[in-house]
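Visitor: Residue numbers (the numbering used here): 235 to 700.
Backbone N, C-alpha and C fix where the C-beta goes; we use that ideal spot for every residue, glycine too.
Let me begin by handing over the structure; questions about it come next.
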Amino acid sequence: MDSLADSHPNIAAQWHQARNVLTPAQVTRGSTKKVWWLGPCGHEWDATVANRVGRSSGCPYCTRKKVLTGFNDLTTRYPEIAAQWHPTKNGDRMPETTIDGTPRKAWWLGGCGHDWEAEVRERVRGTSCPYCSGSRVLSGYNDLLLIDPALADQWHPDKNGNLRPSDCAARSTRTVWWLDEHGHEWHARIATRTGGGHGCPYCSGRRPVRGTGDLVTLRPDLAHQWHPTTNGELSPASVSPGSKRNVWWRDEHSHEWKSTVKDRAQGHGCPYCSGRRAIVGKTDLASRRPDIAAEWHPTRNGELRPDQVTFGSSQSIWWACAEGHEWETRVTYRTSAEGTGCPFCFPHWSRGEKEVAAFIASVAPNLTVLENDRSSLGNRTELDISLPELKIGIEYNGVYWHDESDPEVRHRHVAKATAAVGRGITLVIVWEDDWKVRRSAVEDALVAIISGGVGVPPWMTYERTN
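Printed below as a string of structure tokens:
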């Protein structure tokens, strides 16, 4: 015999020893005999063996299939909700004999005096009186005609069938037709209009009145660039210049692009003509700078390709050189007149760094000026320029490669500054843009620092405060 004890020892372990005459070894796993069970939860219940095995059913009280007063009934679990149980409309049903999560409906009587019918589980999930919350209408209490008679005056007299303002709650999500004093008709939810909400979309300019506020009338120049085939049934006569609709455009050069009507009306033109997007074969990186495009990282830029960005783009891109080094920087930093290469292959020179070193040598010819010094800080940490007699280190930092908002860059700067303090070296930062824009101020500061007259100004530090 394929007994329950042999086939399902875990279920057999819940066999109620005191309330059953038979044992698990004396019944088959498919038996339809109803027996008693005792769960690890301490609850007792009767069920057939086949039901327990076939449906993997457990304790009906813990799974909320049966009510156990004092354990999973509404009164025990949610006394504040049970207090609203309607005293006369639920027949013999009581909250203490009702499971707290049942989908069965019951009648309720709120402290507001309203009564309503709702599922028990919906009440447990947090719903309250539907009339007070506005989700149901109670004529003479929360209907639109009573709450907002001025808005009810705009109720369309013909397009809402037999529905009237007194049939709808003022905060209803129902969508109905409206008619204002100018004869404008539109469809909108009641809740979006009550309490000083949305008014007429034509009067407010959110929708155009043809011949008065549409794109064709107000901006014929833009309407002329409306794409003739890709906007479906939408036409320039059906949108206003302030519309946020994203539509297709086509200019006299046959360039096609998508933009909101509002952006176009505010001056945004063709992204290809303005250089914001690449024209393949003309302004794209692959065509204009194939040497740089050859270092485009093959996997770290997603689906973006060199022929999809302009050669002057400010977009930050991943690169990979022939030596296998990887780094991220903007396209324009690579293609500018002083364009950058791999920072790992060529970390030892820059035009600005050479100019700073030459300037120091010219004003202090008796000083030793070391470039790319790896001896002063130890651990092969490099200083761009070192003045060993004065224990001064100078770093020439390009803004793109030394952006303090980058955590890795910040970590590198802190490590170098800490090493300098440990060696008693004064660290001076010459920023690339300062050297280019206010060079004389940088030169004056360097002379003062070298002569020992002043300390390092805040704008010549990693923190770079003015």
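Closest to proline 435 by CA distance: which of Arg453, Trp412, Ala457 is it?
Guide: Reading the sequence shown from its first residue, position 201 is the one you call residue 435. It is Trp412.
Visitor: On the DSSP bridge list, what partners appear for aspartate 349?
Guide: By one-based count along the sequence shown, residue 349 stands at place 115. Paired residues: Leu343.
Visitor: Verify whether the separation of the beta carbon atoms of valine 681 and valine 590 is less than 7 Å.
Guide: Here residue 681 refers to the residue found at position 447 of the sequence shown. Here residue 590 refers to the residue found at position 356 of the sequence shown. No; because the gap between Cβ atoms is not below 7 Å, this pair is not in contact.
Visitor: Tell me whether glutamine 260 is buried or exposed, calling it buried when 16 or more other Cβ atoms sit within 10 Å of its Cβ.
Guide: In the sequence shown, counting from the first residue as 1, residue 260 sits at position 26. When all chains shown are included, glutamine 260 counts as exposed.
Visitor: Could you check if aspartate 678 is buried or exposed, using at least 16 other CB atoms within 10 Å of its CB as the buried criterion?
Guide: Position 444 of the sequence shown, counted from the first residue, corresponds to residue 678. The residue is exposed, with fewer than 16 neighbouring Cβ atoms inside 10 Å.
Visitor: Closest by CA to leucine 312, which one among Asp392, Thr282, Val358?
Guide: Here residue 312 corresponds to residue number 78 of the sequence shown, with the count starting at 1. Per the sequence presented here, residue 312 reads as tyrosine, with leucine not at that position. Checked all of Asp392, Thr282, Val358; the closest Cα to tyrosine 312 is Val358.
Visitor: Out of Leu256, Thr426, Ser570, which has the shortest C-alpha to C-alpha gap to alanine 404?
Guide: Position 170 of the sequence shown, counted from the start, is the residue given in the question as residue 404. If we check each option's Cα against that of alanine 404, Thr426 comes out closest.
Visitor: So the candidates are Thr566, Thr336, Cys363; which of them puts its Cα closest to the Cα of arginine 523?
Guide: For the purposes of this step, residue 523 is taken as residue 289 along the sequence shown, with counting starting at 1. If we check each option's Cα against that of arginine 523, Thr566 comes out closest.
Visitor: Can you find the residues in the same chain that come closer than 7 Å, C-beta to C-beta, to asparagine 254, ignoring five residues on each side of it along the sequence?
Guide: Sequence index remark: in the sequence shown, residue 254 carries index 20 (1-based). Taken in chain order, the residues that qualify are Val269, Trp270.
Visitor: Where does the unbroken beta strand (DSSP E) through tyrosine 567 begin, and where does it stop?
Guide: Looking up residue 567 in the sequence shown gives position 333. Where tyrosine 567 is concerned, there is no enclosing beta strand (DSSP E), although the alpha helix (DSSP H) it sits in stretches over 565-569.
Visitor: Label proline 365 either buried or exposed according to how many other C-beta atoms from any shown protein chain fall within 10 Å of its C-beta, with 16 as the threshold for buried.
Guide: Position 131 of the sequence shown, counted from the start, is the residue given in the question as residue 365. What sits at residue 365 in the sequence shown is tyrosine, not proline. The residue is buried, with at least 16 neighbouring Cβ atoms inside 10 Å.
Visitor: Taking the beta carbon of tryptophan 249 as the centre, do at least 16 other beta carbons fall within 10 Å, making it buried, or is it exposed?
Guide: As a working mapping, residue 249 is identified with position 15 in the sequence shown. Buried, by the Cβ-count rule.
Visitor: Which of helix, strand or coil does DSSP assign to isoleucine 619?
Guide: In the sequence shown, residue 619 corresponds to position 385, counting from 1. Reduced to three states, the DSSP call for isoleucine 619 is strand.
Visitor: For arginine 441, which of Leu456, Glu419, Gly430, Thr428 has the nearest alpha-carbon?
Guide: Taking the sequence shown and counting its residues from 1, one reaches residue 441 at position 207. Checked all of Leu456, Glu419, Gly430, Thr428; the closest Cα to arginine 441 is Glu419.
Visitor: Using 8 Å as the cut-off, can you tell me whether the region 467-476 makes contact with the region 444-455, which would need three or more C-beta pairs spanning the two stretches below that distance?
Guide: Yes, the region 467-476 touches the region 444-455.
Visitor: Given that a residue counts as buried once 16 or more other Cβ atoms are within 10 Å of its Cβ, and exposed if not, what is cysteine 275?
Guide: Numbered from its first residue, the sequence shown carries residue 275 at position 41. Under this definition cysteine 275 is an exposed residue.
Visitor: So serine 406 packs on isoleucine 424, CB below 8 Å; how close in whole Å?
Guide: Here the question's residue 406 lines up with position 172 in the sequence shown. Here the question's residue 424 lines up with position 190 in the sequence shown. Confirmed, Cβ separation roughly 4 Å.
Visitor: Under 8 Å: do the region 498-517 and the region 527-534 share three or more Cβ pairs, one atom per stretch?
Guide: At 8 Å Cβ cutoff, the stretches do not touch.
Visitor: DSSP has valine 410 in a bridge; who is on the other side?
Guide: As a working mapping, residue 410 is identified with position 176 in the sequence shown. Note: valine 410 sits in a beta bridge opposite Ala422.
Visitor: Here's the rule: buried if 16 or more other CB atoms are within 10 angstroms of the residue's CB, otherwise exposed. What is cysteine 367?
Guide: Here the question's residue 367 lines up with position 133 in the sequence shown. In the sequence as presented, cysteine is not what sits at residue 367; that position holds serine. It counts as exposed.
Visitor: Could you give the DSSP three-state label for tyrosine 365: helix, strand or coil?
Guide: Translated into positions along the sequence shown, residue 365 becomes position 131. In this structure, tyrosine 365 counts as helix in the three-state DSSP scheme.
Visitor: Thinking C-beta only, is aspartate 668 closer than 7 Å to valine 676?
Guide: Here residue 676 refers to the residue found at position 442 when the sequence shown is read from its first residue. Here residue 668 refers to the residue found at position 434 when the sequence shown is read from its first residue. Result yes, Cβ atoms of valine 676 and aspartate 668 sit closer than 7 Å.
Visitor: I'd like the span of the alpha helix (DSSP H) that includes glutamate 666, first residue to last.
Guide: As a working note, residue 666 is residue 432 in the sequence shown. Segment 666-671, the alpha helix (DSSP H) holding glutamate 666.
Visitor: Can you tell me the Cα-Cα spacing of threonine 331 and glutamate 351, whole angstroms?
Guide: Counting from 1 along the sequence shown, the entry for residue 331 is found at position 97. Counting from 1 along the sequence shown, the entry for residue 351 is found at position 117. Looking at the two C-alpha atoms, the distance is approximately 18 Å.
Visitor: Do you know how far the Cα of lysine 492 is from the Cα of arginine 479?
Guide: If you number the sequence shown from 1, residue 479 lands on position 245. If you number the sequence shown from 1, residue 492 lands on position 258. Roughly 10 Å between the two C-alpha positions.
Visitor: Quick one: what's got a C-beta closer than 7 Å to asparagine 306's C-beta in the same chain, skipping five residues either side?
Guide: Within the sequence shown, the letter at position 72 stands for residue 306. Tyr295, Arg298, Ile333, Asp334.
Visitor: Taking the alpha-carbon of glycine 417 as reference, which of Asp518, Gly686, Gln251, Gln388 has the nearest alpha-carbon?
Guide: Residue mapping note: residue 417 aligns to position 183 of the sequence shown, counting from 1. For glycine 417, the nearest C-alpha among the options comes from Gln388.
Visitor: Are the C-beta atoms of cysteine 437 and some chain C residue less than 7 Å apart?
Guide: Note that chain C does not occur in the displayed structure, where there is just one protein chain.
Visitor: Count the other CB atoms within 10 Å of the CB of histidine 487; is the residue buried (16 or more) or exposed (fewer)?
Guide: Within the sequence shown, residue 487 is the residue found at index 253, counting from 1. Result: exposed.
Visitor: Taking a contact to mean a Cβ-Cβ separation below 7 Å, would you say aspartate 541 touches alanine 554 in this structure?
Guide: Against the sequence shown, residue 541 aligns to sequence position 307. Against the sequence shown, residue 554 aligns to sequence position 320. No, they are not a contact pair.
Visitor: Kindly indicate which three-state DSSP category alanine 252 falls into: helix, strand or coil?
Guide: On the sequence shown, residue 252 is found 18 positions in, with the first residue counted as 1. DSSP places alanine 252 in coil when its eight states are reduced to three.
Visitor: Rounded to whole angstroms, how far is the Cβ of leucine 604 from the Cβ of glutamate 623, which I believe are closer than 8 Å?
Guide: If you number the sequence shown from 1, residue 604 lands on position 370. If you number the sequence shown from 1, residue 623 lands on position 389. In fact, because the Cβ distance is near 11 Å, the residues do not count as touching under 8 Å.
Visitor: Would you say arginine 568 and tryptophan 552 are within 7 Å of each other, going by their C-beta atoms?
Guide: The sequence position of residue 568 within the sequence shown is 334, counting from 1. The sequence position of residue 552 within the sequence shown is 318, counting from 1. No. Outside cutoff.
Visitor: With 16 other CB atoms within 10 Å as the buried threshold, where does isoleucine 683 fall?
Guide: Within the sequence shown, numbered from 1, the residue matching residue 683 stands at position 449. Looking at its Cβ environment, which holds 16 or more other Cβ atoms inside 10 Å, isoleucine 683 is buried.
Visitor: Looking at the structure shown, is leucine 385 part of a helix, part of a strand, or coil, going by DSSP?
Guide: On the sequence shown, position 151 is the one that residue 385 refers to. Looking at leucine 385 - three-state DSSP - the assignment turns out to be helix.
Visitor: Could you pull out every residue in the same chain whose Cβ sits closer than 7 Å to the Cβ of asparagine 376, ignoring the five residues on either side in sequence?
Guide: Taking the first residue of the sequence shown as position 1, residue 376 is located at position 142. Here the set comprises Tyr365, Gly368, Ala403, Ala404.
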